[in-house]
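Engineer:
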Amino acid sequence: MHCLSLRCGASPGDLDQMSPDRAARVMELLNDALDRKPSQRGAFLAQACGDDVALREEVQSLITAHERSGSFLDSPIVPNEPAAARSHIGRRIGRYLVHELLAVGGMGVVYRAEQDQPKRTVALKLLRPGLASPRLLKRFDHEAEILGRLNHPGIAKIIEAGTFEADDDVQAYFAMEYIEGQPLHEHVADRQFDRSALLTIMIGICDAVQHAHVNGIVHRDLKPSNVLIDQTGSPRILDFGVARLTEADTSRMTMVTETGQLLGTLAYMSPEQVTGLPNEIDVRSDVYSLGVLAYELLTGQVPHDVANKSIFEAARIIREEPPPRIHVGDMLRGDLETVVFKAMAKEKQRRYQSAGELSEDLRRFLHNEPILARTPSTFYLMRTFARRNRTLVGAAAAVVLALVLGLIGTMYWLNQAIDAQRLAEREADRAIAAERDVQQRLEDLERVASFQEGILEGIDPQIFGATVRELLIENIDSEALPQEFAFTNFTNIGRDLVRASFLEPAVDAARLRFSDQPLVHARLLHQLALSFRNLGFPEIAVELAREALDTRRSELGEAHRDVLSTMSDLATYLRLVPKADEALQWYQLAYEGYRSTVGPHHEDTILTYALLGLTLVEMGDHEQAQPILDDAVQHAETHLGEMHPVTIRAYSIFATNAFVQGDYVQAEHFRRRALETSREVHGPDHTYTVGHAHYLAQTARALGQFDEAERLYREVVDHRRAALGDSHETTLASMISLASVLRAKGDFQSAKTIIQKCVALSRASLGEDHGHTLQMRHSYADILLQLGQTQDAADEYESLLPDMNRVLGTHHSRSITTAYFLAVTLQNLGRMSEAEQYLKQALEGRRQVHGEQHPQTLITMTAMGDLLRELGRLDEAEAIGADAVAAAREVLPAGHWHLGVHLTRHGKTLALMHSFEQAAEAMLEGHEILQASLPPHHAQTETARSAIVELYEAWHEHIPQAGHDVTAHQWRDRPEAEEQPNVASEGM
Amino acid sequence: MAPSEPSGDDLTRVLHAVSDGDQEAMNRLLEAVYADLHRMCRKRLEDGAARHPVQATELVHEVYLRLIDQTRVNWQNRAQFFAVAARIIRRTLIDQIRASRRLKRGGDRNHVPVAATLAGEDGGQIDLLELEEALTELAKINQQAVEIVEMRFFAGQTHEDIAHVLGLSERTVRRQWSFAKAWLYRRMGGDQTNPPM
């Protein structure tokens, strides 16, 4: 075999000795030889070189090199577009004969071509292969037909769109009206136009754009190179609707092209376009671009010169920075500036709503009439500023897309670096330093990626939703609006927006971008799953985590750390769905995996084990959970130490199990340890620490330690107000908990103040009809009732009920509860017929929603019995009461205190009917049950006792001398207890 | 309405002048392209968010797209541009690669790391520094072949473009290319793209 390693000095034709003449001779001989068949080359060289052996060897060596060189240097650094383009000249594409290349652009090339029937010249635009997706190619004809409908002197008409086969590839083309003209830039630069001439051109452009808009077509890519000035001096707009056909918007371009061709057009793009929200693009996006064109015509500069900026910086500038003032230098300057600036407003709603409106105002200016655009008020500007800086998290939500894209970008580079690393590993001789370099890059990119992931996790749909709401209210100056939107749940809107606008496109983008890089794709899915979970879409999180898991398992095998952590995350999402059974299986698998790979004492192993236990707790399997949690706590303490986050988690999970089993003392012990350790490990202000304080407060409350509970809840409220703001859902929830402790303490006045505040905050931030607002209004009415402000309570319930019915439906359990409370309150006020009406509604709802024999239904039946009794309709009262008691005996566990209440109430009816024996029997049984099942001196027991007293007194009155007065006396002498209003019965 | 920096307009005019043989115009073009490449590299470095290695291809694309408003350059002008730009692209790339190697040893921070290898079509790698060495040596015996390599490899020109710009026949261009390709392949060790036989 011929030796190719010719760098060793023994090569023929030593360079230093070879003259240019000799080199030229070598070149000629090489090519002449190559032109011959391989079998004839030897003879040719022997003849041509004669006895110059060195020459022959040199040529022979180059022939060999040439044959082996394959595609060496064949792919240029810059792909050769015009070469491909020019090859079409003289060809027939569709019905057109290609004549001459007119232009080469980012999207493809444009030719002058000729059509036979009818005979005319067209501009034929060939899109770069691969630019139009197969899906788009399919609907090409349809779209072209729509574009063909545009018929306006200012618009270059699209004649046809089609596809043709070129080099095994399907390529798309447009045939457009051929316009002899000059691009806008050149036209303006070559002449000295006065301002009114420029404005006349601008008005012409606007009118043409307006025509397209009226026909439902948005240009999306208005820029000077798309405007030609024809020989009559009129503007003609090119490429209408083409951008949409090629989906040439930012989000796609950012990812698909890395050539920077976007930069040229970025300056003309609206904020919604640079943000990459394709669904947000509408006619007003064109209005923005028209504003930029006008600005440039008037000042000679684009408002934001972003050509040298990175794409993210450019997007930020366009979204946020106001354009520099226009210095035209006369009195009317202000008006013209106002018009142009209005067209370029950052928010679509503040722009002209159509190109026609813009054109009208330009005309007014031209004719010295007052313009319609108003200068944005200082107030508005301040609001904008305030909003922009409102909260860090809100800002994070606003730039979340940039982050998602940035993350994908980083992942791309990360992947490149990983490839480079693999390469470096393969070529070990390529210097260790290079590998270290790659490693460094890899680590940097890892850091960037995790930073971006971290911010992604910080998206708060509630704040996002509140911002959306504010924007809406602010931007639509209609009186009707706030009312209309009062009944919208903006947190849900925020959540849906984040999902639909950012996360779902991110999932698609990840799929598109990394289809051939499964591990990077899996990593992104893993991250996005977490974001979906945090947004409250656990079902989507489950799907994504499953996909990530499948990929990682098949790529990495079962035992890889990434696989195990994906399993564990999948299980966590499954718990939320909830699919506890499946979650359990994954935790089990992950636990076993961790055990065998990192050992039983590793933090991941212990944490997964504890979560396994927690799942069992959530499934109600306390017996199986207990030993697992014992182990988890013990392992954590022994092997990780007390001061370890996983140990804190283990304490907390252990406490949860104790709490739900009613072992409050044990729960309190572990909760307190969790809280104290968390203060040390995470710091007193950390979300985790605050969460542990919340749980401890809950436990203290259950233990009846109301002062301690109050103290802790106040701490939680303070932290959350500082960290999340007053009106955040989580802050409000902890305020409500605080109020409920105050109620339990009997401090109704303080509770009332807090709840009142919550209602106001919730109304303002979440909206009138948010579930939380409704719930708080209910609590507020409850507390009024407890304060004895029965009338006020009734008013509250009465105004709440229609809202509940409308938002949740009449058959929602909360609506039913409100109807019930309203009825009972009205009953207390003596408004009996109204009370009956609402109670009927509640009872009917209970029966339908919960079923005939549901404990809640039975309680409502007994309440109905009470009402009917008071109305004197004793037969009806007896019938419904007897049904309630019979059903309660059937469905409730033996000795349940509810039965005691039903019996007592039913007994009252029987007493009024003078069925004293039966009444006594029922009431005594009832009292006995209550006494056995409730804590001593419980209000219900006391109520039952006084009912018994009343019974014997009435009995005595009816049949004196039977000794019933003595019995009554005995019952009365039992320990005193204050009267409780019977309204507290539901929920009990 | 020309932007303040060297714009497509200016360059288009310069290109016209260049094709008329105006040496002064040629120098201006060289200056503009060279300055622009360097400015862009610096910008990239200052922009903390984009501190990743610049791919050679990306760099070249950006220069071209930023300098030339493509809708107004016909293909002859474009070929002219690339003929000039090819040399600058080659030089700038090599400068950047060398600078980034120095950087690793604590040198000038004013350069962006540039990936030193290019992926060949069939998965092989071309080391740009080795190519540079080989080109320098080739230039000693056949300057024309080097120009053709520059225009073809660094600027993606066709033989037809190159023939037009250099005033040669297409046949000559093709023959020079065959020679250069074989010669460089041999000079660079022959194992650049294909596995050893």
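One line per chain: the protein sequences are C and S, in this order.
Its first residue numbered 1, the first sequence is counted upward by one per residue in my numbering.
Its first residue numbered 989, the second sequence is counted upward by one per residue in my numbering.
Quick reminder that beta carbons are idealized off the backbone N, C-alpha and C, glycines included.
Note that the coordinates shown come from a computational prediction; the quantities given were computed from them, not determined experimentally.
Quick one: does the C-beta of residue 321(C) sit closer than 6 angstroms to a heavy atom of the ligand HEM?
Structural biologist: Among the ligands in the structure shown, none appear at all, so the ligand HEM cannot be discussed.
Engineer: Quick check on the DSSP output: the alpha helix (DSSP H) that includes residue 1136(S) runs from which residue to which?
Structural biologist: Here residue 1136(S) is taken as the residue at index 148 of the second sequence, counted from 1. Taken as a continuous stretch (DSSP letters only), the alpha helix (DSSP H) holding residue 1136(S) covers 1131-1137.
Engineer: On a Cα-Cα basis, can you pick out the residue from 193(C), 88(C), 236(C) that is closest to residue 156(C)?
Structural biologist: Position 156 of the first sequence, counted from the first residue, corresponds to residue 156(C). For the residues 193(C), 88(C), 236(C), the minimum Cα distance to residue 156(C) belongs to 236(C).
Engineer: With distances taken Cα to Cα, identify the nearest neighbour of residue 571(C) among 110(C), 590(C), 876(C).
Structural biologist: Counted from its first residue, the first sequence places residue 571(C) at position 571. Residue 571(C) has its Cα closest to that of 590(C), out of 110(C), 590(C), 876(C).
Engineer: For a test of the three-state rule: what should DSSP assign to residue 179(C), helix, strand or coil?
Structural biologist: Residue numbering aside, residue 179(C) sits at position 179 when the first sequence is read from its first letter. DSSP places residue 179(C) in coil when its eight states are reduced to three.
Engineer: Straight-line CA distance for residue 852(C) to residue 858(C)?
Structural biologist: On the first sequence, residue 852(C) is found 852 positions in, with the first residue counted as 1. On the first sequence, residue 858(C) is found 858 positions in, with the first residue counted as 1. Computed Cα separation, rounded: 8 angstroms.
Engineer: Would a check of beta-carbon distances place residue 48(C) closer than 7 angstroms to chain S?
Structural biologist: Here residue 48(C) refers to the residue found at position 48 of the first sequence. With 7 angstroms as the cut-off, residue 48(C) does not count as an interface residue toward chain S.
Engineer: Compile a chain-ordered list of the residues in the stretch 39-68 of chain C whose CB is closer than 7 angstroms to at least one CB of chain S.
Structural biologist: Near chain S, meaning a CB-to-CB distance below 7 angstroms, the residues of the stretch 39-68 of chain C are 61, 62, 65, 66, 68.
Engineer: Give a yes or no on whether 7 angstroms exceeds the smallest Cβ distance from residue 235(C) to chain S.
Structural biologist: Your numbering for residue 235(C) matches position 235 in the first sequence. Residue 235(C) does not count as touching chain S.
Engineer: Check whether chain S comes within 7 angstroms of residue 113(C), counting only Cβ atoms and requiring the distance to be less than that.
Structural biologist: As a first step, residue 113(C) must be located in the first sequence, where it is residue number 113. No, no contact with chain S.
Engineer: With distances taken from CA atoms, which of 267(C), 274(C), 872(C) is nearest residue 296(C)?
Structural biologist: Within the first sequence, the letter at position 296 stands for residue 296(C). Checking every option, the nearest Cα to that of residue 296(C) belongs to 267(C).
Engineer: Taking the C-alpha atoms as reference points, what is the distance between residue 915(C) and residue 878(C)?
Structural biologist: Here residue 915(C) corresponds to residue number 915 of the first sequence, with the count starting at 1. Here residue 878(C) corresponds to residue number 878 of the first sequence, with the count starting at 1. Their Cα atoms are separated by approximately 11 angstroms.
Engineer: Measuring only between beta-carbons, confirm whether residue 1059(S) sits less than 7 angstroms from chain C.
Structural biologist: To locate residue 1059(S), count along the second sequence from 1; it is residue 71. Low confidence applies to residue 1059(S): its pLDDT is 36, below 50, so where it sits in the model is not reliable enough to give any reading.
Engineer: For the stretch 167-201 of chain C, list every residue whose C-beta sits within 8 angstroms of some C-beta in chain S, in sequence order.
Structural biologist: Flagged, chain order: 183, 185, 186, 188, 189.
Engineer: Tell me, please, whether the CB atom of residue 1012(C) is closer than 7 angstroms to any CB atom in chain S?
Structural biologist: Residue 1012(C) cannot be examined here, being either before or after the span of chain C that is shown, 1 to 988.
Engineer: Anything in chain C within Cβ reach of residue 1157(S), meaning under 8 angstroms, just list it in chain order.
Structural biologist: Position 169 of the second sequence, counting from 1, holds the residue named residue 1157(S). Result: empty, since nearest Cβ-Cβ is about 13 angstroms, beyond 8 angstroms.
Engineer: Is the CB of residue 1079(S) under 7 angstroms away from at least one CB in chain C?
Structural biologist: Along the second sequence, read from residue 1 onward, the residue named residue 1079(S) stands at position 91. No - not a single Cβ of chain C is within 7 angstroms of the one on residue 1079(S).
Engineer: When you compare the stretch 1130-1145 of chain S with the stretch 34-47 of chain C, are there three or more beta-carbon pairs, one atom per stretch, that lie closer than 8 angstroms?
Structural biologist: no
Engineer: For residue 121(C), write down the residues that DSSP places opposite it in a beta bridge.
Structural biologist: Numbered from 1 along the first sequence, position 121 holds the residue referred to as residue 121(C). DSSP output for residue 121(C) lists 114(C) as bridge partner(s).
Engineer: Under DSSP, the beta strand (DSSP E) around residue 228(C) begins and ends at which residues?
Structural biologist: Reading the first sequence from its first residue, position 228 is the one you call residue 228(C). From DSSP, the beta strand (DSSP E) with residue 228(C) extends over 227-230.
Engineer: Tell me, which residues are paired with residue 171(C) by DSSP?
Structural biologist: Translated into positions along the first sequence, residue 171(C) becomes position 171. Paired residues: 164(C).
Engineer: Can the beta-carbon of residue 529(C) be found less than 7 angstroms from the beta-carbon of residue 544(C)?
Structural biologist: Translated into positions along the first sequence, residue 529(C) becomes position 529. Translated into positions along the first sequence, residue 544(C) becomes position 544. Against a cut-off of 7 angstroms, the Cβ pair of residue 544(C) and residue 529(C) comes out as a contact.
Engineer: Listing by chain order, which chain S residues have their CB less than 7 angstroms from the CB of residue 657(C)?
Structural biologist: By one-based count along the first sequence, residue 657(C) stands at place 657. Correct list: empty, because the minimum Cβ distance to chain S is about 47 angstroms.
Engineer: Alpha carbon to alpha carbon, how far is residue 941(C) from residue 918(C)?
Structural biologist: Indexing the first sequence from 1 puts residue 941(C) at position 941. Indexing the first sequence from 1 puts residue 918(C) at position 918. Cα to Cα, residue 941(C) sits roughly 19 angstroms from residue 918(C).
Engineer: Less than 6 angstroms between C-beta atoms, sequence neighbours within five positions excluded: which residues of the same chain meet that for residue 1120(S)?
Structural biologist: The sequence position of residue 1120(S) within the second sequence is 132, counting from 1. So the list reads 1082, once near-sequence residues are dropped.
Engineer: Taking the Cβ atom as the reference point for each residue, do residue 895(C) and residue 881(C) lie within a distance shorter than 7 angstroms?
Structural biologist: For this step, residue 895(C) is matched to residue 895 along the first sequence. For this step, residue 881(C) is matched to residue 881 along the first sequence. Their beta carbons are not under 7 angstroms apart, which means residue 895(C) does not touch residue 881(C) by this criterion.
Engineer: Quick one: which chain C residues come within Cβ less than 9 angstroms of residue 1154(S)?
Structural biologist: Counted from its first residue, the second sequence places residue 1154(S) at position 166. Contact of residue 1154(S) with chain C by beta-carbon distance below 9 angstroms is absent, the smallest such distance being about 15 angstroms.
Engineer: Looking at the C-beta of residue 381(C), does it have a partner C-beta in chain S at a distance below 7 angstroms?
Structural biologist: Counting from one through the first sequence, the residue named residue 381(C) turns up at place 381. Because the pLDDT of residue 381(C) is 35, which lies under 50, any placement of that residue in the model is unreliable, and the number read from its coordinates should be weighed accordingly. Not closer than 7 angstroms to any Cβ of chain S, the Cβ of residue 381(C) fails to qualify, so no.
Engineer: Which residue wins for smallest C-alpha separation from residue 293(C), given the options 204(C), 211(C), 272(C), 217(C)?
Structural biologist: Here residue 293(C) refers to the residue found at position 293 of the first sequence. Taking only the C-alpha atoms, the option nearest residue 293(C) is 204(C).
Engineer: Kindly indicate which three-state DSSP category residue 99(C) falls into: helix, strand or coil?
Structural biologist: The residue labelled residue 99(C) in the question sits at position 99 within the first sequence. Strand at residue 99(C).
Engineer: Please check the pair residue 593(C) and residue 558(C), which I expect to be a contact at CB under 8 angstroms, by giving their CB distance rounded to whole angstroms.
Structural biologist: The residue labelled residue 593(C) in the question sits at position 593 within the first sequence. The residue labelled residue 558(C) in the question sits at position 558 within the first sequence. In this structure, residue 593(C) and residue 558(C) form a Cβ contact; the two beta carbons are roughly 7 angstroms apart against a cut-off of 8 angstroms.
Engineer: Using the Cα positions of residue 1150(S) and residue 90(C), report the straight-line distance between them to the nearest angstrom.
Structural biologist: Walking along the second sequence from the start, residue 1150(S) turns up at place 162. Walking along the first sequence from the start, residue 90(C) turns up at place 90. Looking at the two C-alpha atoms, the distance is approximately 21 angstroms.
Engineer: Quick one: measure Cβ to Cβ for residue 284(C) and residue 215(C), integer angstroms, because I've assumed they're closer than 8 angstroms.
Structural biologist: Start at 1 with the first residue of the first sequence, and residue 284(C) comes out as number 284. Start at 1 with the first residue of the first sequence, and residue 215(C) comes out as number 215. By a beta-carbon distance limit of 8 angstroms, residue 284(C) does not contact residue 215(C). Their separation comes to about 16 angstroms.
Engineer: From residue 736(C) to residue 758(C), what distance separates their C-alpha atoms?
Structural biologist: Along the first sequence, read from residue 1 onward, the residue named residue 736(C) stands at position 736. Along the first sequence, read from residue 1 onward, the residue named residue 758(C) stands at position 758. Roughly 7 angstroms between the two C-alpha positions.
Engineer: Going by other Cβ atoms of all chains shown within 10 Å of its Cβ, with 16 needed for buried, is residue 291(C) buried or exposed?
Structural biologist: Position 291 of the first sequence, counting from 1, holds the residue named residue 291(C). Looking at its Cβ environment, which holds 16 or more other Cβ atoms inside 10 Å, residue 291(C) is buried.
Engineer: Under the three-state reduction of DSSP, which class applies to residue 508(C): helix, strand or coil?
Structural biologist: The residue labelled residue 508(C) in the question sits at position 508 within the first sequence. Residue 508(C): helix per DSSP, three-state reduction.
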